[in-house]
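Residue numbers (our numbering): 366 to 482.
Accompanying notes for the structure given below.
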Amino acid sequence: MKITDFFSLLGGLALFLYGMQMMSGGLEAAAGNRMKQILEKLTANRFLGVLVGAGITAVIQSSSATTVMVVGFVNSGMMTLQQAVWIIMGANIGTTITGQLIALDIGALAPLFAFVG
Numbered sequence: 366m367k368i369t370d371f372f373s374l375l376g377g378l379a380l381f382l383y384g385m386q387m388m389s390g391g392l393e394a395a396a397g398n399r400m401k402q403i404l405e406k407l408t409a410n411r412f413l414g415v416l417v418g419a420g421i422t423a424v425i426q427s428s429s430a431t432t433v434m435v436v437g438f439v440n441s442g443m444m445t446l447q448q449a450v451w452i453i454m455g456a457n458i459g460t461t462i463t464g465q466l467i468a469l470d471i472g473a474l475a476p477l478f479a480f481v482g
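Put into structure tokens, the structure is as follows:
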């Protein structure tokens, strides 16, 4: 490994940490106490936290994006680490369920899905 590679790695890490700091400050300023109350209600127990994580992942189709958002919430103090663990677990479960739905042959159910909306 060259010295330039090492400094590139350090620079990338510094940019990442700076971005996390900026994101957490922005989240805290933008959302405030109301968002913290909403997150507390959505993660009142473990099961609900897992469902919220799976639901968010199903909507945005990315467990990585869900994880990054949750890490930002924890970093800004809007969510505890324990709350975050259950949401991230739900995000991973949601990704697995999405993969299973794609693997199944659900073509016969397409008219039903089209009818439901």
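Virtual Cβ for every residue (Gly too), placed ideally from N, Cα, C.
Practice prompt. Could you have a look at K367 and say whether DSSP puts it in helix, strand or coil?
Written response: K367 sits in coil when the DSSP states are folded into three classes, being neither helix nor strand.
Fill in: Buried versus exposed, by CB contacts within 10 Å (16 or more), A419
When all chains shown are included, A419 counts as buried.
Discussion item. According to DSSP, is Q447 part of a helix, a strand, or is it coil?
Written reply: Three-state DSSP puts Q447 in a helix.
Discussion item. Suppose contacts are defined by Cβ-Cβ distances below 8 Å. Is T422 in contact with A468 by that definition?
Written reply: For the pair T422 and A468, the CB atoms are not nearer than the 8 Å cut-off.
Discussion item. Just to confirm my understanding: we take M388, look at its own chain, exclude 5 residues before and 5 after, and list those with CB closer than 6 Å. What are they?
Written reply: Listed in chain order, the non-local C-beta contacts of M388 below 6 Å within the same chain comprise G437, local neighbours out to five positions each way being set aside.
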